[in-house]
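Chemist: Note that the protein sequences, when read in sequence, are chains A and B. Each step along the first sequence adds one to the number in the UniProt record's numbering, with nothing skipped, and position 268 is 268. Each step along the second sequence adds one to the number in the UniProt record's numbering, with nothing skipped, and position 113 is 113. Backbone N, C-alpha and C fix where the C-beta goes; we use that ideal spot for every residue, glycine too. Being a predicted model, the structure only gives us computed values, none of them experimental. Below is one structure. I have some questions about it.
2 protein chains.
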Amino acid sequence: MNAKGIKKVTIVDVAKEAGVSISTVSRVLNQNTPVAEETAQRVWEVIERLQFNPNAAARKLASKRTNTIGLIVPMIGGTFFPLMFSGIERGVNEEGFELLVYVSPCHPVPHRPLTPPVGPQNTDGLIVFTEGMSDEDLRALHVKGFPIVLLHRTSPKDCEIPYVTVENRLGTEKLIDHLIEVHGYTRIGFLRGPVTNEESHEREQGFRASLQKHGLQPDEALFGIGNFHPETAAESVRQMLSSGKRPQAIFTGDDASAAAVMKALLEMGVSIPDEIAIVGFDDDYLAPYLPLPLTTVHSPIEQAGYTAAQLLIQQIRGEAVQSQVLPTHLVIRRSCGCITSHPS
Amino acid sequence: MNAKGIKKVTIVDVAKEAGVSISTVSRVLNQNTPVAEETAQRVWEVIERLQFNPNAAARKLASKRTNTIGLIVPMIGGTFFPLMFSGIERGVNEEGFELLVYVSPCHPVPHRPLTPPVGPQNTDGLIVFTEGMSDEDLRALHVKGFPIVLLHRTSPKDCEIPYVTVENRLGTEKLIDHLIEVHGYTRIGFLRGPVTNEESHEREQGFRASLQKHGLQPDEALFGIGNFHPETAAESVRQMLSSGKRPQAIFTGDDASAAAVMKALLEMGVSIPDEIAIVGFDDDYLAPYLPLPLTTVHSPIEQAGYTAAQLLIQQIRGEAVQSQVLPTHLVIRRSCGCITSHPS
DNA sequence: CTGAAAGCGCTTACAG
DNA sequence: CTGAAAGCGCTTACAG
Numbered sequence: 001m002n003a004k005g006i007k008k009v010t011i012v013d014v015a016k017e018a019g020v021s022i023s024t025v026s027r028v029l030n031q032n033t034p035v036a037e038e039t040a041q042r043v044w045e046v047i048e049r050l051q052f053n054p055n056a057a058a059r060k061l062a063s064k065r066t067n068t069i070g071l072i073v074p075m076i077g078g079t080f081f082p083l084m085f086s087g088i089e090r091g092v093n094e095e096g097f098e099l100l101v102y103v104s105p106c107h108p109v110p111h112r113p114l115t116p117p118v119g120p121q122n123t124d125g126l127i128v129f130t131e132g133m134s135d136e137d138l139r140a141l142h143v144k145g146f147p148i149v150l151l152h153r154t155s156p157k158d159c160e161i162p163y164v165t166v167e168n169r170l171g172t173e174k175l176i177d178h179l180i181e182v183h184g185y186t187r188i189g190f191l192r193g194p195v196t197n198e199e200s201h202e203r204e205q206g207f208r209a210s211l212q213k214h215g216l217q218p219d220e221a222l223f224g225i226g227n228f229h230p231e232t233a234a235e236s237v238r239q240m241l242s243s244g245k246r247p248q249a250i251f252t253g254d255d256a257s258a259a260a261v262m263k264a265l266l267e268m269g270v271s272i273p274d275e276i277a278i279v280g281f282d283d284d285y286l287a288p289y290l291p292l293p294l295t296t297v298h299s300p301i302e303q304a305g306y307t308a309a310q311l312l313i314q315q316i317r318g319e320a321v322q323s324q325v326l327p328t329h330l331v332i333r334r335s336c337g338c339i340t341s342h343p344s
Numbered sequence: 001m002n003a004k005g006i007k008k009v010t011i012v013d014v015a016k017e018a019g020v021s022i023s024t025v026s027r028v029l030n031q032n033t034p035v036a037e038e039t040a041q042r043v044w045e046v047i048e049r050l051q052f053n054p055n056a057a058a059r060k061l062a063s064k065r066t067n068t069i070g071l072i073v074p075m076i077g078g079t080f081f082p083l084m085f086s087g088i089e090r091g092v093n094e095e096g097f098e099l100l101v102y103v104s105p106c107h108p109v110p111h112r113p114l115t116p117p118v119g120p121q122n123t124d125g126l127i128v129f130t131e132g133m134s135d136e137d138l139r140a141l142h143v144k145g146f147p148i149v150l151l152h153r154t155s156p157k158d159c160e161i162p163y164v165t166v167e168n169r170l171g172t173e174k175l176i177d178h179l180i181e182v183h184g185y186t187r188i189g190f191l192r193g194p195v196t197n198e199e200s201h202e203r204e205q206g207f208r209a210s211l212q213k214h215g216l217q218p219d220e221a222l223f224g225i226g227n228f229h230p231e232t233a234a235e236s237v238r239q240m241l242s243s244g245k246r247p248q249a250i251f252t253g254d255d256a257s258a259a260a261v262m263k264a265l266l267e268m269g270v271s272i273p274d275e276i277a278i279v280g281f282d283d284d285y286l287a288p289y290l291p292l293p294l295t296t297v298h299s300p301i302e303q304a305g306y307t308a309a310q311l312l313i314q315q316i317r318g319e320a321v322q323s324q325v326l327p328t329h330l331v332i333r334r335s336c337g338c339i340t341s342h343p344s
């Protein structure tokens with residue numbers, strides 16, 4: 001009986017009932033030591049009859065393995081998170097681990113005297129998504145030998161934490177190549193993500209690389225702030241236009257922002273893609289459903305999550321792991337000006 | 001040192017260093033028993049200097065509280081999940097609990113001999129989202145006194161498990177009232193969700209109630225299968241039209257399906273809302289961005305998640321809790337035929 | 001193949 | 001206010 005009055009069946013009950021020692025029960029449970037076939041049978045029967053569920057805390061304490069993976073993200077929501085989460089969950093579940101999710105507060109807590117919500121004290125390893133954790137904190141854990149995998153973020157200087165990212169630079173370059181080569185646009189706008197965001201930087205690099213390759217000069221007036229935040233992106237474009245700047249196309253940085261920008265432009269009476277083309281990045285599931293189906297770069301978000309889980313578990317098991325940069329590819333729909341007869 | 005070579009600081013190290021017993025360290029940690037101010041100071045100093053993080057498993061085992069809440073969902077993804085999850089996480093985090101997420105497999109596992117991934121053995125209570133768990137399993141846990149809160153699902157017969165749902169019936173009724181009273185539609189289609197889904201049933205009730213109230217007969221030929229699955233919904237509507245049935249409006253059951261149906265109709269050259277109006281349910285964040293901004297019913301998804309977390313924690317603390325049905329409200333945009341000048 | 005025993009790192013009555 | 005001791009429910013060498 002615990003505080004709530006729930007009578008718990010323990011390994012001792014099972015052992016008594018089956019007429020064996022608790023060591024034996026433990027062995028049939030864990031299947032890591034040979035046990036006589038008929039003994040095992042008997043023990044299993046009792047386990048099922050008594051509906052025995054081993055206490056997780058006791059197992060963790062005794063075995064020194066938590067069998068739990070921690071996930072740190074700065075926020076939940078949007079179109080990106082559920083796909084990523086889905087992949088992580090799939091990877092974690094496949095290997096029989098539990099998943100502990102912690103959403104790090106945007107505004108850092110004054111000073112928490114102890115116990116970060118996830119860490120070595122309650123997990124075997126961590127998946128850290130972008131700005132969910134500082135470089136210093138990461139380094140501190142990593143030097144202790146604590147398994148970590150970074151997701152959509154590369155390793156801090158001075159250490160080699162395995163990571164999983166996607167081809168942001170190349171994907172963007174091909175996207176802009178398309179705008180220039182197929183549609184002949186020369187004045188292309190770009191909305192930057194958060195300044196600390198690596199993915200945004202890489203996309204900007206790809207953006208610039210494409211312009212340069214085609215002998216075009218980037219025009220600072222056509223750069224705006226998007227912050228991967230739809231409303232910010234929309235406002236930014238409104239300002240760009242009202243200040244007299246007219247790009248022929250805008251790369252919004254991500255799909256969610258593309259949706260908001262598209263809406264803002266349509267409300268201003270701007271014709272898309274004729275007057276201004278819009279392209280995004282991610283290929284999330286709203287991309288096909290927008291007023292102009294969105295030309296974008298497909299990012300393997302789910303797979304990246306899945307891969308991160310795999311790398312982490314390999315690491316936990318002491319296997320060698322290698323960082324991965326997953327390929328992206330261009331998805332042409334109609335918001336760039338193409339007329340495809342293929343739906344979606 | 002554990003298997004991975006991480007040297008762990010334990011409560012014993014802290015006690016020695018501070019010149020007190022481990023009992024005292026435990027007390028300053030938990031702040032549940034008076035400790036002399038200067039003793040506490042000294043202990044805190046040592047804790048911080050040594051970077052002591054109490055082992056979670058040991059705490060749980062000794063205290064018989066896991067401080068962890070389990071979340072069972074049948075799947076992740078779509079526009080619904082991140083909002084719900086966000087609310088749950090907020091509620092859980094506010095009260096200092098950890099969140100363990102388990103995605104129950106769609107295809108039930110053959111026969112898992114033991115240990116459901118979340119339950120009394122590793123959590124203090126469970127939030128169960130819709131079909132994530134069978135009535136029998138719920139009942140079994142509930143009769144043992146294990147805290148559970150159902151989310152978007154009411155209690156099974158014979159027991160009173162607290163739940164959090166939203167006003168599906170009334171919300172839908174008002175939505176359909178609007179179509180009938182304002183737009184004069186009399187032939188309105190409805191796409192059913194999964195047969196086992198309570199929310200879909202309630203929406204259908206609201207749908208029928210509105211028709212009846214206005215003296216309209218429901219036409220079986222205008223009912224289709226949506227299953228809360230966008231592609232299924234779209235296909236269903238294609239069939240409805242190709243079989244010669246022409247509703248004046250379609251209530252797709254949810255917003256994600258509305259997006260797909262809208263796309264399908266536009267591709268067939270059907271004019272929306274003139275030839276066929278489309279309305280949804282949820283008011284998720286893609287609703288304003290669709291080709292025709294979506295008229296729908298706003299569902300407080302985030303708040304429902306938050307409330308569920310609160311109810312569960314109250315229950316865990318032995319407080320009385322009461323099921324909640326959160327209000328919904330109509331959001332008029334343009335897909336119903338209204339011309340609003342107010343964006344979104 | 002099996003058991004007795006130590007130990008995982010804490011919390012919490014029980015004394016004082 | 002503080003400490004010694006029992007105990008939480010397991011796992012895992014160590015013997016046999």
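Which residue marks the beginning of the alpha helix (DSSP H) containing Ile176 (chain A), and which one marks its end?
Modeler: For the purposes of this step, residue 176 (chain A) is taken as residue 176 along the first sequence, with counting starting at 1. Looking at the DSSP string, the run of the alpha helix (DSSP H) that includes Ile176 (chain A) is Asn168 to Glu181.
Chemist: List, in order along the chain, the chain A residues whose C-beta lies closer than 8 Å to that of residue 428 (chain B)?
Modeler: Nothing can be reported for residue 428 (chain B), as the shown portion of chain B is limited to 1 through 344.
Chemist: What in chain A is Cβ-close to Leu83 (chain B), meaning under 9 Å?
Modeler: Working through the second sequence from its first residue, we reach residue 83 (chain B) at position 83. Result: Ile76 and Gly77.
Chemist: How big is the Cα-Cα spacing for Thr79 (chain A) and Glu302 (chain B)?
Modeler: As a first step, residue 79 (chain A) is located in the first sequence; it is residue number 79 there, counting from the start. As a first step, residue 302 (chain B) is located in the second sequence; it is residue number 302 there, counting from the start. CA-to-CA, the gap between Thr79 (chain A) and Glu302 (chain B) works out to about 15 Å.
Chemist: Closer than 9 Å, Cβ to any Cβ of chain B: which residues of the region 324-339 of chain A, in chain order?
Modeler: Correct list: empty, as no residue qualifies.
Chemist: If we call anything under 8 Å between Cβ atoms a contact, is Val103 (chain B) one with Ala304 (chain B)?
Modeler: Indexing the second sequence from 1 puts residue 103 (chain B) at position 103. Indexing the second sequence from 1 puts residue 304 (chain B) at position 304. Cβ distance not < 8 Å, so Val103 (chain B) and Ala304 (chain B) don't count as in contact.
Chemist: Assuming Thr307 (chain B) contacts Gln324 (chain B) under a Cβ cut-off of 8 Å, what Cβ separation, rounded to an integer in Å, is found between them?
Modeler: Position 307 of the second sequence, counted from the start, is the residue given in the question as residue 307 (chain B). Position 324 of the second sequence, counted from the start, is the residue given in the question as residue 324 (chain B). With 8 Å as the limit, Thr307 (chain B) and Gln324 (chain B) qualify as a contact, their Cβ atoms being about 6 Å apart.
Chemist: Along chain B, which residues have their Cβ under 7 Å away from the Cβ of Leu241 (chain A)?
Modeler: Translated into positions along the first sequence, residue 241 (chain A) becomes position 241. Going along chain B, no residue has its Cβ under 7 Å from Leu241 (chain A), so there is no contact; the nearest lies around 16 Å.
Chemist: For His214 (chain B), is the classification buried or exposed, using 16 other Cβ atoms within 10 angstroms of its Cβ as the cut-off for buried?
Modeler: Position 214 of the second sequence holds residue 214 (chain B). Exposed, because fewer than 16 other Cβ atoms sit within 10 Å of the Cβ of His214 (chain B).
Chemist: List, in chain order, every chain A residue whose beta-carbon is nearer than 7 Å to that of Ser86 (chain B).
Modeler: Within the second sequence, the letter at position 86 stands for residue 86 (chain B). Per Cβ cutoff of 7 Å: Ile76 and Gly77.
Chemist: Should Glu45 (chain A) go down as buried or exposed, given a rule of 16 or more other Cβ atoms within 10 Å for buried?
Modeler: If you number the first sequence from 1, residue 45 (chain A) lands on position 45. Exposed: under 16 other Cβ atoms inside 10 Å.
Chemist: Are the C-beta atoms of Gly280 (chain B) and some chain A residue less than 8 Å apart?
Modeler: Counted from its first residue, the second sequence places residue 280 (chain B) at position 280. Not closer than 8 Å to any Cβ of chain A, the Cβ of Gly280 (chain B) fails to qualify, so no.
Chemist: Using beta-carbon positions only, say whether Ile47 (chain A) and Ser26 (chain A) come within less than 8 Å of one another.
Modeler: Here residue 47 (chain A) refers to the residue found at position 47 of the first sequence. Here residue 26 (chain A) refers to the residue found at position 26 of the first sequence. No, the pair does not count as a contact, with Cβ atoms beyond the cut-off.
Chemist: Since Val297 (chain B) sits in a beta bridge, which residues does DSSP pair it with?
Modeler: Here residue 297 (chain B) refers to the residue found at position 297 of the second sequence. Partner(s): B:Leu330.
Chemist: Should Asp158 (chain B) go down as buried or exposed, given a rule of 16 or more other Cβ atoms within 10 Å for buried?
Modeler: Numbered from its first residue, the second sequence carries residue 158 (chain B) at position 158. Exposed is the call here.
Chemist: Is Leu99 (chain A) helix, strand or coil when you go by DSSP?
Modeler: Against the first sequence, residue 99 (chain A) aligns to sequence position 99. Reduced to three states, the DSSP call for Leu99 (chain A) is strand.
Chemist: Just to check my reading of the structure: residue 367 (chain B) and Ile148 (chain B) have Cβ atoms closer than 8 Å, yes? What is that Cβ distance to the nearest angstrom?
Modeler: Since the first residue shown for chain B is 1 and the last is 344, residue 367 (chain B) is missing from the structure and cannot be characterised.
Chemist: Name the chain B residues that come within less than 9 Å of Lys213 (chain A), Cβ to Cβ?
Modeler: What you label residue 213 (chain A) is simply residue 213 of the first sequence in a count that begins at 1. Residues of chain B passing the Cβ test: none, with the nearest at roughly 33 Å.
Chemist: Please check the pair Phe223 (chain A) and Arg246 (chain A), which I expect to be a contact at CB under 8 Å, by giving their CB distance rounded to whole angstroms.
Modeler: Here the question's residue 223 (chain A) lines up with position 223 in the first sequence. Here the question's residue 246 (chain A) lines up with position 246 in the first sequence. At roughly 14 Å, the Cβ-Cβ gap does not stay under 8 Å, so Phe223 (chain A) and Arg246 (chain A) are not in contact.
Chemist: Given that a residue counts as buried once 16 or more other Cβ atoms are within 10 Å of its Cβ, and exposed if not, what is Asn55 (chain B)?
Modeler: By one-based count along the second sequence, residue 55 (chain B) stands at place 55. Buried: at least 16 other Cβ atoms inside 10 Å.
Chemist: Is the Cβ of Leu99 (chain B) closer than 8 Å to any Cβ of chain A?
Modeler: Start at 1 with the first residue of the second sequence, and residue 99 (chain B) comes out as number 99. Using a Cβ-Cβ cut-off of 8 Å, Leu99 (chain B) counts as an interface residue toward chain A, since at least one Cβ of chain A sits closer than that to its own.
Chemist: Closer than 7 Å by beta-carbon distance: list the chain A residues that pair up with Lys60 (chain B), in chain order.
Modeler: Numbered from its first residue, the second sequence carries residue 60 (chain B) at position 60. By Cβ distance, chain A contributes Ala57.
Chemist: Is the region 263-280 of chain A touching the region 271-280 of chain B in the sense that three or more CB pairs, one from each, lie closer than 8 Å?
Modeler: no
Chemist: Tell me which residues share the same chain as Ala309 (chain A) and place their Cβ nearer than 6 Å to its Cβ, disregarding the 5 neighbours each side in the sequence.
Modeler: Residue mapping note: residue 309 (chain A) aligns to position 309 of the first sequence, counting from 1. Excluding sequence neighbours, Ala309 (chain A) sits near Ile88, Gly91 and Val92.
Chemist: Alpha carbon to alpha carbon, how far is Tyr185 (chain A) from Thr154 (chain A)?
Modeler: Here residue 185 (chain A) corresponds to residue number 185 of the first sequence, with the count starting at 1. Here residue 154 (chain A) corresponds to residue number 154 of the first sequence, with the count starting at 1. Approximately 33 Å, taken between the alpha carbons.
Chemist: Assuming contact is defined by CB atoms lying nearer than 8 Å, are Asp137 (chain A) and Thr68 (chain A) in contact in what I supplied?
Modeler: Position 137 of the first sequence, counted from the start, is the residue given in the question as residue 137 (chain A). Position 68 of the first sequence, counted from the start, is the residue given in the question as residue 68 (chain A). No. Outside cutoff.
Chemist: In whole angstroms, what is the alpha-carbon distance linking Ile339 (chain B) and Arg333 (chain B)?
Modeler: Residue mapping note: residue 339 (chain B) aligns to position 339 of the second sequence, counting from 1. Residue mapping note: residue 333 (chain B) aligns to position 333 of the second sequence, counting from 1. Roughly 7 Å between the two C-alpha positions.
Chemist: Would you kindly work out how many angstroms separate the C-alpha atoms of Leu175 (chain B) and Leu100 (chain B), rounded to a whole number?
Modeler: Position 175 of the second sequence, counted from the first residue, corresponds to residue 175 (chain B). Position 100 of the second sequence, counted from the first residue, corresponds to residue 100 (chain B). Each residue's alpha carbon lies about 37 Å from the other.
Chemist: Suppose only complete runs of 3+ residues qualify. What are the beta strand (DSSP E) ranges in the region 203-236 of chain B, listed by chain order?
Modeler: 223-225
Chemist: Could you tell me the alpha carbon to alpha carbon distance between Asn53 (chain A) and Phe146 (chain B), rounded to whole angstroms?
Modeler: Stepping through the first sequence from its first residue, residue 53 (chain A) is reached at position 53. Stepping through the second sequence from its first residue, residue 146 (chain B) is reached at position 146. About 14 Å.
Chemist: Quick one, which residues of the region 134-160 of chain B are near chain A if we go by CB-CB under 8 Å, in chain order?
Modeler: Lys144, Gly145, Phe146 and Pro147
Chemist: For Thr66 (chain B), which residues in chain A fall below 8 Å Cβ to Cβ?
Modeler: Counting from 1 along the second sequence, the entry for residue 66 (chain B) is found at position 66. The contacting residues are Ala56 and Ala57.
Chemist: Does the CB of Ala259 (chain B) have a neighbour CB from chain A at under 8 Å?
Modeler: Residue mapping note: residue 259 (chain B) aligns to position 259 of the second sequence, counting from 1. Chain A, which has a Cβ nearer than 8 Å to the Cβ of Ala259 (chain B), makes this yes.
Chemist: Which complete beta strand (DSSP E) runs does the region 108-152 of chain A hold, if anything under 3 residues is left out?
Modeler: For the region 108-152 of chain A, whole beta strand (DSSP E) runs of length 3 or above, ordered along the chain, are 125-129 and 148-151.
Chemist: Ordered along the chain, which non-local residues of its own chain (more than five positions away) have a Cβ less than 8 Å from that of Pro156 (chain A)?
Modeler: Counting from 1 along the first sequence, the entry for residue 156 (chain A) is found at position 156. Excluding sequence neighbours, Pro156 (chain A) sits near Asp135, Leu138 and Arg139.
Chemist: Given that a residue counts as buried once 16 or more other Cβ atoms are within 10 Å of its Cβ, and exposed if not, what is Asn122 (chain A)?
Modeler: To locate residue 122 (chain A), count along the first sequence from 1; it is residue 122. Asn122 (chain A) should be labelled buried.
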